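Residue numbers (the working numbering), protein chains in the order written: chain H, 1 to 88; chain L, 1 to 88; chain P, 1 to 88; chain R, 1 to 88; chain U, 1 to 88.
By construction, the Cβ of each residue, glycine as well, lies at the ideal position given by its N, Cα and C atoms.
Being a predicted model, the structure only gives us computed values, none of them experimental.
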Amino acid sequence: MFLGKVIGTVVATRKYDDLEGVKFLIIQPVNHRHKPIREPLIAVDTMRAGPGELVFLEDGREASFTLDKSFVPVDAAVVGIVDSVYVD
Amino acid sequence: MFLGKVIGTVVATRKYDDLEGVKFLIIQPVNHRHKPIREPLIAVDTMRAGPGELVFLEDGREASFTLDKSFVPVDAAVVGIVDSVYVD
Amino acid sequence: MFLGKVIGTVVATRKYDDLEGVKFLIIQPVNHRHKPIREPLIAVDTMRAGPGELVFLEDGREASFTLDKSFVPVDAAVVGIVDSVYVD
Amino acid sequence: MFLGKVIGTVVATRKYDDLEGVKFLIIQPVNHRHKPIREPLIAVDTMRAGPGELVFLEDGREASFTLDKSFVPVDAAVVGIVDSVYVD
Amino acid sequence: MFLGKVIGTVVATRKYDDLEGVKFLIIQPVNHRHKPIREPLIAVDTMRAGPGELVFLEDGREASFTLDKSFVPVDAAVVGIVDSVYVD
Chain H
1 MFLGKVIGTV VATRKYDDLE GVKFLIIQPV NHRHKPIREP LIAVDTMRAG PGELVFLEDG
61 REASFTLDKS FVPVDAAVVG IVDSVYVD
Chain L
1 MFLGKVIGTV VATRKYDDLE GVKFLIIQPV NHRHKPIREP LIAVDTMRAG PGELVFLEDG
61 REASFTLDKS FVPVDAAVVG IVDSVYVD
Chain P
1 MFLGKVIGTV VATRKYDDLE GVKFLIIQPV NHRHKPIREP LIAVDTMRAG PGELVFLEDG
61 REASFTLDKS FVPVDAAVVG IVDSVYVD
Chain R
1 MFLGKVIGTV VATRKYDDLE GVKFLIIQPV NHRHKPIREP LIAVDTMRAG PGELVFLEDG
61 REASFTLDKS FVPVDAAVVG IVDSVYVD
Chain U
1 MFLGKVIGTV VATRKYDDLE GVKFLIIQPV NHRHKPIREP LIAVDTMRAG PGELVFLEDG
61 REASFTLDKS FVPVDAAVVG IVDSVYVD
């Protein structure tokens, strides 16, 4: 899993049927010091993350478990909204 | 998931049986500013994406869920056609 | 699988329901000479790894097998605490 | 999925039992202009791809679907032999 | 799948229960010319690979199929011992 910042939204009318109503966010992955790492990706969001919010994500088969229908072609999801990051 | 532009097609007569009739597109991954990122990949398409169109894709086990038969060796799929990308 | 050092913790009150009570660590991947490789990631931990400890991790669908509920959106887990690394 | 050129073969007598008789090719991934990208990988082949042939591959859990036994530790497979690549 | 050389061992007393007795090797990935590529990784081994031996590996969900219990958090496995590599 990794940290990311919500930087935008993707709108797609024509899409895989069971993804109707699903929210697609553009996420900039960041490290624990909030520094951008890698290129942004698209992730589904059921946590109601707002613009600029720090979230944590996972990418893989399990991403779809956050949705009502889980046999859908989705590979990244917001899993939680980050309150704080403690570095030892 | 990630954004991509349709840049070509792959034709293969000799292939895994259950992939008969499946459309294989060459996709150039792009970021939310339409700038190419990474090398192009091949993805199955059931959304009827046209040349040059901006699509969003996913890569992983779930890609095959977009096909009629889902126990097939496919690891990337066009999931939707992008109408607009909003950057905060 | 790979080696990593525990460098922090992520706290998230608002998260996917079945992840309630799960511990999320920030891990710096290291090689067998303890040299940092790649950016840190977030992994679930059920091994009670402490700050600075050398652990080994796996990332993928199987990470959730370390948790009580395994159909959860988790893609990296601490699998063990390393006692020693022998290099031939 | 991605394009690749067959550049060799791996022979292994001592291997996981259910992989007896399976053909392992060394594949050089190439882009749609036939330019090598990334390091070569090893993929199973049931398509009878010959030396130098342009194939397309997939890597992931689904690779084993090309084999008779699909619960085997295999993560890349030749999926088809490429006839032509059209770039728009 | 990819080639690798056995360069060490990881010992971990405190680990995920069902991994008791499993052997964890440190593997240096190499290309078909035996040149190191990427950072070393940790893989389970049931093939009794010895120090310095050339093996081939796979990384992914399927790695655990080489173990007696396959619902375990393991993502890389030695699949065979390489006898010879033929490059065309």
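Under a 10 Å Cβ-count criterion, His-32 of chain P is classified as buried, with 16 or more other Cβ atoms of the shown protein chains found around its own Cβ. When DSSP reads this structure, Val-85 of chain P sits in a beta bridge with U:Val-10. In this structure, the beta-carbon distance from Val-79 of chain H to Tyr-16 of chain P falls below 7 Å. Taking the C-beta atoms as reference points, Ile-81 of chain L is found nearer than 7 Å to Ala-49 of chain L. Identification of chain R residues near Asp-59 of chain U by a Cβ-Cβ cut-off of 8 Å yields Asp-75, ordered along the chain.
H:Pro-40 is the residue among H:Ser-70, H:His-34, H:Pro-40 and H:Pro-51 whose C-alpha sits nearest the C-alpha of Pro-36 of chain L. One thing to note: Ala-63 of chain P has its Cβ no nearer than 7 Å to the Cβ of Val-72 of chain P.
Counting the other CB atoms within 10 Å of its CB gives Arg-61 of chain H a total of 16 or more, which places it among the buried residues. For Thr-13 of chain L, the chain R residues whose C-beta falls within less than 9 Å of its own C-beta are Gly-80, Ile-81 and Asp-83, listed in chain order. Of the other Cβ atoms in all chains shown, 16 or more fall within 10 Å of the Cβ of Asp-59 of chain P; this residue is therefore buried. The beta carbon of Ala-43 of chain P is closer than 8 Å to those of Gly-4, Phe-24, Leu-25, Ile-27, Leu-57, Asp-59, Ala-63, Ala-76, Ala-77 and Val-78 in its chain, skipping five residues each way along the sequence. Within 8 Å of the CB of Pro-40 of chain P, the CB atoms of chain H belong to Asn-31 and His-32, in sequence order along the chain. The beta carbons of Asp-83 of chain L and Ala-12 of chain H sit closer together than 7 Å. Taking a Cβ-Cβ cut-off of 8 Å, Pro-36 of chain H has no neighbours in chain L, whose nearest Cβ is about 12 Å from it. Within chain H, the residues placing a beta-carbon under 8 Å from that of Glu-62 of chain L are Arg-61, Ser-64, Phe-71, Val-72, Pro-73, Val-74 and Asp-75, ordered along the chain. When DSSP states are grouped into helix, strand and coil, Phe-65 of chain R belongs to the helix group. Gly-4 of chain H is outside the set of residues whose beta carbon lies under 7 Å from a beta carbon in chain L. Spatial neighbours of Val-30 of chain R in its own chain (CB-CB distance under 7 Å, excluding positions within 5 residues in sequence) are listed in chain order as Leu-3, Gly-4, Lys-5, Pro-36 and Ile-37. Comparing C-alpha distances from Ser-70 of chain P to each of P:Asp-45, P:Pro-51 and P:Asp-18 shows the shortest one belongs to P:Asp-18. For Ala-43 of chain R, the C-beta contacts it makes with chain U under 8 Å involve Met-1, in order along the chain.
Flagged as an interface residue toward chain H: Val-87 of chain L, by a C-beta distance shorter than 7 Å. At a C-beta separation below 8 Å, Leu-19 of chain L has these neighbours in chain R: Val-79 and Gly-80. The continuous stretches of beta strand (DSSP E) do not include Ile-37 of chain P, and DSSP gives it neither H nor E.
Below the 9 Å Cβ cutoff, chain P contributes Val-10, Ala-12, Lys-15, Phe-24 and Ile-42 as neighbours of Phe-56 of chain H, in chain order. For Ile-7 of chain L, the C-beta contacts it makes with chain R under 7 Å involve Val-87 and Asp-88, in order along the chain. Among the bridge pairs identified by DSSP, Val-55 of chain H is matched with H:Gly-4 and H:Ile-81. Within the same chain, and ignoring the five residues on either side of Pro-51 of chain R in sequence, the residues whose Cβ sits closer than 6 Å to its Cβ are Val-6. Annotated three-state conformation of Asp-45 of chain R is strand, per DSSP. The continuous stretches of beta strand (DSSP E) do not include Phe-71 of chain U, and DSSP gives it neither H nor E. Taking the Cα of Thr-9 of chain L as reference, the smallest distance to any Cα among L:Phe-65, L:Val-87 and L:Asp-45 is reached at L:Asp-45. Straight across, the Cα-Cα distance linking Glu-20 of chain U with Arg-14 of chain U is about 9 Å.
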